[in-house]
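J.:
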DNA sequence: TGCTTCGGTGAATCTCAAT
DNA sequence: TATTGAGATTCACCGAAGC
């Protein structure tokens, strides 16, 4: 990283070791063993050693950040307070702390604490007086039922096919982050063509999402196995079409949308075609939750109205996705998410 | 606080100044003025000054905490990282960080950040090896649809009649916390009769909730107006009836019953065969309260573990006796003894 | 094919009294 | 202070297998 040019990076996302201080083994009530993070890279001799490590990598990142760049760090209560304090001491200017609420956290097995159901991210500008950092306010609002995006995000853990596994079927990395989390980070605070850097590349989630979203990427990783897995993963990523990524420019009166969660959860992919019930109109889903019909870009509601030539339209009950079983109303997909949210 | 006896307090709740770094006035889009926290008590010359202040009050609290006491601190990204770091440096042991998600946060007026929709609380024991702190796990679970309580809490801001107002109709304190938040804090980590302390009493939310929930309370406040308002508020509180506060009888708090008591009371006879739920294992009850499987003799737990080939086993929930109505778990027999003990 | 059951698992600072 | 043993303790989701 010391070889990179100063002031060359637009966005940093860092997922450093958390410095968990685990003592013995932990078993579930059914006596099964909890596969904890016991890797050497998470071991530090003291808080002071962790602080020195943290100060060093934060300074290295700060040097190569553009004046308009911002930095994200994710952590848990084990480390995030120390990271935040050091960031403030180094002159970073905290813009938000963001809570990643997990839909499916690991329970507390001994019943002696609250279930640790979230992690914390700090989003900060390089300096107190940084101006001109990227925050895609309008797109986030349009994708959130026309309400400002909040500092608490509800996103599932990385499981299933998304979780990288070795030939033995075991997870390659103990702490792989979900792509939905990174997608929201990159969509909120970077633009297509930006240079994104991750100093703790791991299995390359940041790079994979960056490539898919049309951002350039540099990652650093000292573990060869992680690096190899990440390279293969990122190479296999197909960037989304430019049209789904173009910056979203609208008046302050943003159109009604409520759509980005279907994308983040993988229920609808960017690039999917939405059609009306008689397939007379087809619109393209963008990565930021807006849709596109011809050269018109806007919310599902606005573009639905355009398609019909009417003044208003409830996009939820107008647009469908095509499945092998025929058309499916997007309102039904929303209903699925709502029932999940109610259950959680 | 320095006059209080060391080790005398069961629970501390602290809502310290947040060290907000507001520059000039903030206006809403309609040009109305946002009534922010601009009081002198929230002003510190530097991070170092704030850190010194924080270290001092945390040390003062730590001295008067019982070994089993825990401490809560609430803050925002302006101060919580510094508070958390200092707590760790002083030897406090973090049990959880808790996110208070606001149902109705103040929006972000400039559209340059995410809506700051949460605050963070740190819950910590006095020492790394603190044992026996209060955590009312079963009650919290019962109150939460029989699911473990999580680290993210959804609670509205303090508004309406609950918000203390002066004769001029203006709010007396800029950061009055909702009673619902304090109620959950006290119900989760204290018992009726405990001594609760708040070093930043403010308008007395902690004291009001403590009194209503049958906890004793001590608060410190240097502002006379706040103190007067708090005193009047707390005086008017009517404690809830004892019956609504009585501790929950839990598996942990239930009196211990030795397996031999079942024999002494004639509920199980020596020579009886104990079996697991699928009758794959059979063990013989000895007169001395041990049981025997093949040539192995030991406690119901030890022999249960041997039978399963596992390291540990709760014999109470593993072994059954055979009755004419089918199998009966010995844990049920223990429950009968306990209910007899409670009745007498 | 569709439904149910069962097993596996995820960044976890995870007991406590008696000796 | 360290050790020992009783005995208390899990939620959401995914995938495979069975029906």
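Protein chains in written order, with full-length UniProt numbering: chain A, 1 to 344; chain B, 1 to 344.
Idealized CB from N, CA, C, for every residue including glycine.
1. Can you tell me whether residue 48(B) is buried or exposed, with buried defined as 16 or more other CB within 10 angstroms of its CB?
2. Does the contact criterion of 3 or more C-beta pairs under 8 Å hold for the segment 149-163 of chain A versus the segment 112-125 of chain B?
3. With three or more beta-carbon pairs closer than 8 Å as the criterion, would you say the segment 230-246 of chain A touches the segment 200-214 of chain A?
4. For residue 88(B), which residues in chain A fall below 8 Å Cβ to Cβ?
5. Residues of the segment 146-160 of chain B in Cβ contact with chain A at a cutoff of 8 Å, in chain order, please.
6. According to the Cβ coordinates, are residue 57(B) and residue 199(B) closer than 7 Å?
7. At what residues does the alpha helix (DSSP H) containing residue 43(A) begin and finish?
8. Can you pull the DSSP bridge partners for residue 219(A)?
9. For residue 73(A) versus residue 54(A), is the C-beta distance shorter than 7 Å?
10. Considering only the alpha carbon of each residue, which of 107(A), 233(A), 276(A), 260(A) lies closest to residue 183(A)?
11. Start and end of the alpha helix (DSSP H) containing residue 181(A)?
12. Flag residue 113(A) as yes if its beta-carbon sits less than 7 Å from any beta-carbon of chain B, otherwise no.
13. Can you name the residues of chain A whose CB is closer than 9 Å to the CB of residue 135(B)?
14. I need the boundaries of the alpha helix (DSSP H) containing residue 209(B), first residue and last residue.
15. With a threshold of 16 other CB atoms inside 10 Å of the CB of residue 203(A), please say whether the residue is buried or exposed.
16. Taking only beta-carbon positions, decide if residue 181(A) is within less than 7 Å of chain B.
17. Listing by chain order, which chain A residues have their CB less than 7 Å from the CB of residue 210(B)?
18. In three-state DSSP terms, what is residue 85(A)?
19. Would you report the Cα separation of residue 31(A) and residue 109(A), rounded to the nearest angstrom?
20. Just the chain B side, please: which residues come within less than 9 Å of residue 237(A) by C-beta, in chain order?
21. CB-CB under 8 Å to residue 147(A), same chain, minus the five flanking residues each way: which ones, in chain order?
22. Does residue 10(B) have its Cβ less than 7 Å from a Cβ in chain A?
23. In the segment 97-110 of chain A, which residues sit with their C-beta less than 7 Å from some C-beta in chain B, listed in chain order?
24. Apart from the five residues just before and just after residue 249(A), which ones in its own chain have a Cβ nearer than 7 Å to its Cβ?
25. Any beta-carbon of chain A closer than 7 Å to the one on residue 203(B)?
26. Between the alpha carbons of residue 34(A) and residue 335(A), how many angstroms are there, rounded?
27. Measure from the C-beta of residue 232(B) to each C-beta in chain A and report whether the shortest distance is under 7 Å.
28. Quick one: residues in its chain with C-beta nearer than 6 Å to the C-beta of residue 12(A), no 5 flanking neighbours on either side, listed in chain order?
29. Which one of 85(B), 251(B), 181(B) has the shortest CA to CA distance from residue 205(B)?
30. Taking 7 Å as the CB-CB limit, is residue 94(B) close to chain A?
31. If you draw a straight line from the C-alpha of residue 262(B) to the C-alpha of residue 178(B), how long is it?
32. Rounded to the nearest angstrom, what separates residue 5(B) and residue 304(B) at their Cα positions?
33. So is residue 260(B) in contact with chain A if we call contact Cβ pairs under 7 Å?
34. So with Cβ pairs under 7 Å, would you call residue 18(A) a contact of chain B?
35. Quick test of your reading: residue 293(B) and residue 307(B), contact by CB under 8 Å. State the CB separation rounded to the nearest angstrom.
36. Which chain A residues are close to residue 310(B), counting only those with a beta carbon under 9 Å from its beta carbon?
T.: Reading from the atomic positions:
1. By one-based count along the second chain, residue 48(B) stands at place 48. Per the 10 Å Cβ criterion, exposed.
2. yes
3. yes
4. To locate residue 88(B), count along the second chain from 1; it is residue 88. In chain order: 47, 81, 82.
5. 148, 149, 150, 151, 152
6. In the second chain, counting from the first residue as 1, residue 57(B) sits at position 57. In the second chain, counting from the first residue as 1, residue 199(B) sits at position 199. For residue 57(B) and residue 199(B), yes; Cβs fall inside 7 Å.
7. Taking the first residue of the first chain as position 1, residue 43(A) is located at position 43. Unbroken run through residue 43(A): none, as it is neither H nor E.
8. Along the first chain, read from residue 1 onward, the residue named residue 219(A) stands at position 219. Paired residue(s): 198(A).
9. One-based indexing of the first chain puts residue 73(A) at position 73. One-based indexing of the first chain puts residue 54(A) at position 54. Going by C-beta atoms, residue 73(A) is not nearer than 7 Å to residue 54(A).
10. Here residue 183(A) is taken as the residue at index 183 of the first chain, counted from 1. Considering only alpha carbons, the answer is 260(A).
11. As a position in the first chain, residue 181(A) is number 181, starting the count at 1. Start and end: 179-189.
12. Counting from one through the first chain, the residue named residue 113(A) turns up at place 113. Yes, because at least one Cβ of chain B sits closer than 7 Å to the Cβ of residue 113(A).
13. Within the second chain, the letter at position 135 stands for residue 135(B). Ordered by position in chain A, the residues that pass the 9 Å Cβ test against residue 135(B) are 111, 112, 113, 114.
14. Here residue 209(B) refers to the residue found at position 209 of the second chain. Run containing residue 209(B): 205-212, per the alpha helix (DSSP H) assignment.
15. As a position in the first chain, residue 203(A) is number 203, starting the count at 1. Per the 10 Å Cβ criterion, buried.
16. Taking the first residue of the first chain as 1, we reach residue 181(A) at position 181. Judged by the 7 Å Cβ criterion, residue 181(A) is not in contact with chain B.
17. Mapped onto the second chain, residue 210(B) falls at position 210. Result: empty, since nearest Cβ-Cβ is about 21 Å, beyond 7 Å.
18. For the purposes of this step, residue 85(A) is taken as residue 85 along the first chain, with counting starting at 1. The answer is helix: DSSP assigns residue 85(A) an H, G or I state.
19. Stepping through the first chain from its first residue, residue 31(A) is reached at position 31. Stepping through the first chain from its first residue, residue 109(A) is reached at position 109. For residue 31(A) and residue 109(A), the distance between alpha carbons rounds to 11 Å.
20. The residue given as residue 237(A) occupies position 237 in the first chain. None at all; the shortest Cβ gap to chain B is about 27 Å.
21. By one-based count along the first chain, residue 147(A) stands at place 147. Hits under 8 Å: 141.
22. On the second chain, residue 10(B) is found 10 positions in, with the first residue counted as 1. Chain A contact via Cβ: absent.
23. 97, 98, 99, 101, 107, 108
24. For the purposes of this step, residue 249(A) is taken as the residue at position 249 of the first chain. Unreliable placement is indicated for residue 249(A), whose pLDDT of 45 sits below 50; no coordinate value is reported for it.
25. As a working mapping, residue 203(B) is identified with position 203 in the second chain. Not closer than 7 Å to any Cβ of chain A, the Cβ of residue 203(B) fails to qualify, so no.
26. The residue labelled residue 34(A) in the question sits at position 34 within the first chain. The residue labelled residue 335(A) in the question sits at position 335 within the first chain. Cα to Cα, residue 34(A) sits roughly 34 Å from residue 335(A).
27. As a position in the second chain, residue 232(B) is number 232, starting the count at 1. It does not; no Cβ of chain A falls within 7 Å.
28. Stepping through the first chain from its first residue, residue 12(A) is reached at position 12. Closer than 6 Å at the Cβ level, and outside the excluded window around residue 12(A), lie 61, 71, 197.
29. As a working mapping, residue 205(B) is identified with position 205 in the second chain. Ranking 85(B), 251(B), 181(B) by Cα distance to residue 205(B) puts 181(B) first.
30. Locating residue 94(B) in the second chain gives position 94, counting from the first residue. Yes, because at least one Cβ of chain A sits closer than 7 Å to the Cβ of residue 94(B).
31. To locate residue 262(B), count along the second chain from 1; it is residue 262. To locate residue 178(B), count along the second chain from 1; it is residue 178. Straight-line Cα distance between these residues: approximately 50 Å.
32. Position 5 of the second chain, counted from the first residue, corresponds to residue 5(B). Position 304 of the second chain, counted from the first residue, corresponds to residue 304(B). Cα to Cα, the separation comes out at about 48 Å.
33. In the second chain, residue 260(B) corresponds to position 260, counting from 1. No, residue 260(B) does not count as interfacial toward chain A.
34. One-based indexing of the first chain puts residue 18(A) at position 18. So no, residue 18(A) is outside the interface.
35. If you number the second chain from 1, residue 293(B) lands on position 293. If you number the second chain from 1, residue 307(B) lands on position 307. Yes, residue 293(B) and residue 307(B) are in contact; Cβ-Cβ is about 6 Å, under 8 Å.
36. Residue 310(B) sits at position 310 when you count from the first residue of the second chain. Simply 31.
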